[in-house]
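13 is the number of the first residue of the sequence shown in the numbering used here; add one for each residue after it.
Comments concern the structure below.
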Amino acid sequence: MVDNLFDVQNVTLRFGGVVSLNDVTLSQKRGEILAIIGPNGAGKTSLFNSLTGVYTPQQGSITFTDAKGKRYSVIGKKPYRVSAAGVARTFQASRMFSAMTTFENVKIGAESHRGLGAVGAMLKGPATRRDEVRSDAATRDLLEFVGLTSQSNVIAASLNYGARRRLEIARALATRPQVLLLDEPAAGTNPAEKNDLTELIRRVRDEMNVSILLIEHDMKLVMALAERLYVLNFGSVIAQGTPEEIRANPAVIEAYLGASDTGIAEESK
Numbered sequence: 013m014v015d016n017l018f019d020v021q022n023v024t025l026r027f028g029g030v031v032s033l034n035d036v037t038l039s040q041k042r043g044e045i046l047a048i049i050g051p052n053g054a055g056k057t058s059l060f061n062s063l064t065g066v067y068t069p070q071q072g073s074i075t076f077t078d079a080k081g082k083r084y085s086v087i088g089k090k091p092y093r094v095s096a097a098g099v100a101r102t103f104q105a106s107r108m109f110s111a112m113t114t115f116e117n118v119k120i121g122a123e124s125h126r127g128l129g130a131v132g133a134m135l136k137g138p139a140t141r142r143d144e145v146r147s148d149a150a151t152r153d154l155l156e157f158v159g160l161t162s163q164s165n166v167i168a169a170s171l172n173y174g175a176r177r178r179l180e181i182a183r184a185l186a187t188r189p190q191v192l193l194l195d196e197p198a199a200g201t202n203p204a205e206k207n208d209l210t211e212l213i214r215r216v217r218d219e220m221n222v223s224i225l226l227i228e229h230d231m232k233l234v235m236a237l238a239e240r241l242y243v244l245n246f247g248s249v250i251a252q253g254t255p256e257e258i259r260a261n262p263a264v265i266e267a268y269l270g271a272s273d274t275g276i277a278e279e280s281k
């Protein structure tokens, strides 16, 4: 089987005269926790949007290899097709169903994986009701995995920030992905929640065999989790390597100096 999940070759993304991604080449190995870091405006979220079919780059190629070894060209595919191939994602801003319970949010994710979509999941017919017991059991298992069993009947809007982040991860895992893309998962969390989140992300990879692709500004979390990192600046890859190599890279330190998020320099001390 091909070792790489994602292969990105010479990807360029433009919006009018603005170059958001400039000749980006990178890869992610199967089973890897990989981080994408860089100052604000470096192109990190544009890269995620390109990997998931939200944006269509004008140049280059993006290939995803599924669990059976089948290779998909992502560029030109709709996001739901990329998701069906095994790519799940969370967002910087929460996208849960805030008026529904924690349990209902995760269950909709599980039923969407069966091809019902969010609306179909809520309007189940006789055929889909036969899967109800199985779907409920899978939902309970995921809530237990992320530590939300005691809050399964709580309305999602009333959850604290840390619990919301765990709910978003559970919803994404309900689609049974091969890789989970996390866009600033620690944003808004306190130190205790951040520690819990770090451990949860590690368990997702180790216990569920789901690869992790991570964007995060918190360098302590990144350096604790990532096995490799790519650094973006002004849409270009300026460095790649292990956490130790990135900490010592002069180009990376220079890119962060003068930026608002100078955590990389602090982590290198």
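Ideal placement from N, C-alpha and C gives every residue a C-beta, glycine not left out.
query	result
4-residue-minimum alpha helix (DSSP H) runs that sit fully inside the segment 144-205, ordered along the chain	144-158, 173-185
In DSSP terms, what Phe-27 is bridged to	Val-30
Whole-Å CB distance - Val-222 paired with Gly-50, under 8 Å assumed	Actually they are not in contact, since the Cβ atoms of Val-222 and Gly-50 sit about 24 Å apart, beyond 8 Å.
DSSP beta-bridge partners of Ser-39	Asp-19
Cutoff 6 Å; reference Gln-21; Cβ partners in own chain excluding five residues on either side	Thr-37, Gly-72, Ser-73
Where Tyr-92 sits in the DSSP three-state scheme	helix
Collapsed DSSP secondary structure at Val-264 in the structure displayed	helix
Exposure of Asn-261, with buried meaning 16 or more beta-carbon neighbours within 10 Å	buried
Thr-57 (DSSP reduced to helix, strand or coil)	helix
Touching by the beta-carbon criterion (3+ pairs, under 8 Å), the segment 160-168 and the segment 104-120	yes
DSSP bridge partner residues for Ala-100 (one or two, in chain order)	Leu-192
First through last residue of the alpha helix (DSSP H) which encompasses Val-234	231-237
Pairwise C-alpha distance: Met-108 and Glu-256	36 Å
Residue environment, Ala-139, which counts as buried when at least 16 other CB atoms sit within 10 Å	Note that Ala-139 scores a pLDDT of 48, beneath 50, so its modelled location is shaky; the value from the coordinates is reported in the next line. Looking at its Cβ environment, which holds fewer than 16 other Cβ atoms inside 10 Å, Ala-139 is exposed.
Spatially closest choice to His-229 from Tyr-84, Pro-197, Thr-161, by CA coordinates	Pro-197
DSSP state of Ala-139 mapped onto helix, strand, coil	Note that Ala-139 has pLDDT 48, beneath the 50 cutoff, so the model's placement of it is unreliable and no number is given.
C-alpha gap between Ile-48 and Gly-29, whole angstroms	24 Å
Which residues DSSP lists as bridging Asn-245, in chain order	Ser-248
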